[in-house]
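Chains A and B are the protein sequences, given in the same order. Take the first sequence: its position 21, counted from the start at 1, is 21 in my numbering, and no numbers get skipped. Take the second sequence: its position 88, counted from the start at 1, is 201 in my numbering, and no numbers get skipped. Idealized CB from N, CA, C, for every residue including glycine.
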Amino acid sequence: GNSVTQMEGPVTLSEEAFLTINCTYTATGYPSLFWYVQYPGEGLQLLLKATKADDKGSNKGFEATYRKETTSFHLEKGSVQVSDSAVYFCALRGGTGGFKTIFGAGTRLFVKA
Amino acid sequence: DTGVSQDPRHKITKRGQNVTFRCDPISEHNRLYWYRQTLGQGPEFLTYFQNEAQLEKSRLLSDRFSAERPKGSFSTLEIQRTEQGDSAMYLCASMTSEGATGELFFGEGSRLTVL
């Protein structure tokens with residue numbers, strides 16, 4: 001079945017550092033790919049998405065490109081802020097997996113001032 | 114507030130008791146999902162509804178778990194004869210019917226602690 005694997009955390013960075021959180025997926029068909037974020041004390045919310053190969057999703061300075069050839073959707077940000085400290089979840093939906101969204105285990109990011 | 118709301122936010126119960134959680138989705142959303150999340154893990158799919166029809170249920174879901182969405186609006190998730198392993202955060206999410214591309218909107222969750 002469909003699955004998502006993302007790098008283990010926690011990731012600890014200094015403010016203004018470059019961020020990469022790796023995500024790879026296994027799926028048949030053509031799923032849509034998502035990054036969700038969970039800030040402390042809040043519910044999960046969509047950060048960005050890409051619905052077909054080579055699409056780039058972007059929001060709040062974060063970007064991720066749907067790479068079908070490497071089955072990856074890595075999250076990047078050029079300069080992180082303390083307010084980016086959160087847990088980030090890579091997810092997919094569709095292909096032959098139907099309409100349920102499958103999530104990775106999450107990567108916790110700490111950004112130090 | 115027109116977001117997804119869940120009740121109760123926290124439930125503490127003794128092993129063997131039944132518990133029920135309620136989810137009120139965003140009003141125009143016809144898809145409703147239940148997930149379970151344990152510490153350090155991502156949300157694990159339990160079941161989902163399109164309007165009042167339960168279209169998919171995880172094969173990992175014990176028959177002690179049952180969910181309903183009787184009028185296609187709010188939903189309930191009941192756990193019978195709770196076990197300590199049921200302790201988790203139960204998340205509800207809703208979305209419109211946008212195929213595979215739409216955004217899930219999550220509630221803040223109902224935390225279950227089984228003693």
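Query, Result
"With distances taken between CB atoms, is the gap from F103/A to Y30/A smaller than 9 Å?", "no"
"Spatial neighbours of L48/A within its chain, please: C-beta separation below 7 Å, excluding the five flanking residues on both sides.", "W35, G57, S58, N59, F62, A64"
"Can you confirm whether Y36/A, when its beta carbon is compared against all beta carbons of chain B, has any partner nearer than 9 Å?", "yes"
"Throw me the rounded Cβ distance for the T195/B and V227/B pair, which I believe falls under 8 Å.", "5 Å"
"With a threshold of 9 Å between beta carbons, is F218/B in contact with chain A?", "yes"
"Who are I192/B's beta bridge partners in DSSP?", "V132/B, F178/B"
"Three Cβ pairs or more, each shorter than 8 Å: is that satisfied between the stretch 156-169 of chain B and the stretch 96-110 of chain A?", "yes"
"Kindly indicate which residue of N22/A, P10/A, G9/A has the alpha-carbon position closest to the one of T70/A.", "N22/A"
"Find the residues of chain A that neighbour P121/B, judging by a C-beta separation of less than 8 Å, and give them in chain order.", "What P121/B touches in chain A: nothing, since even the nearest Cβ is about 15 Å away."
"In this structure, does DSSP put E80/A in helix, strand or coil?", "For clarity, residue 80/A is Val in the given sequence; the question names Glu instead. The answer is coil: DSSP assigns V80/A none of H, G, I, E or B."
"Quick one: which chain A residues come within Cβ less than 8 Å of Y161/B?", "F99, K100"
"Consider the Cβ of E165/B: report whether some Cβ of chain A lies at a distance smaller than 9 Å.", "no"
"Per DSSP, what kind of secondary structure is Q6/A in: helix, strand or coil?", "strand"
"Looking at C-alpha atoms only, which residue of P138/B, R144/B, Q150/B is the closest neighbour of G198/B?", "Q150/B"
"For the stretch 4-15 of chain A, enumerate the residues whose C-beta is nearer than 7 Å to any C-beta of chain B, in chain order.", "none"
"Spatial neighbours of K91/A within its chain, please: CB distance less than 8 Å, with the 5 preceding and 5 following residues excluded, ordered by chain position.", "Checking the sequence, you will find Ala at residue 91/A rather than Lys. So the qualifying residues of the chain are V4, L33, F34, W35, Y36, T101, I102, F103, G104."
"Taking any Cβ of chain B, which residues in the stretch 37-48 of chain A have a Cβ under 9 Å from it, in chain order?", "Q38, G41, E42, G43, L44, Q45, L46"
"Using the beta-carbon of each residue, which ones in chain A are nearer than 8 Å to E141/B?", "Result: empty, since nearest Cβ-Cβ is about 17 Å, beyond 8 Å."
"Measure the alpha-carbon distance for S14/A versus G116/B and round it to whole angstroms.", "34 Å"
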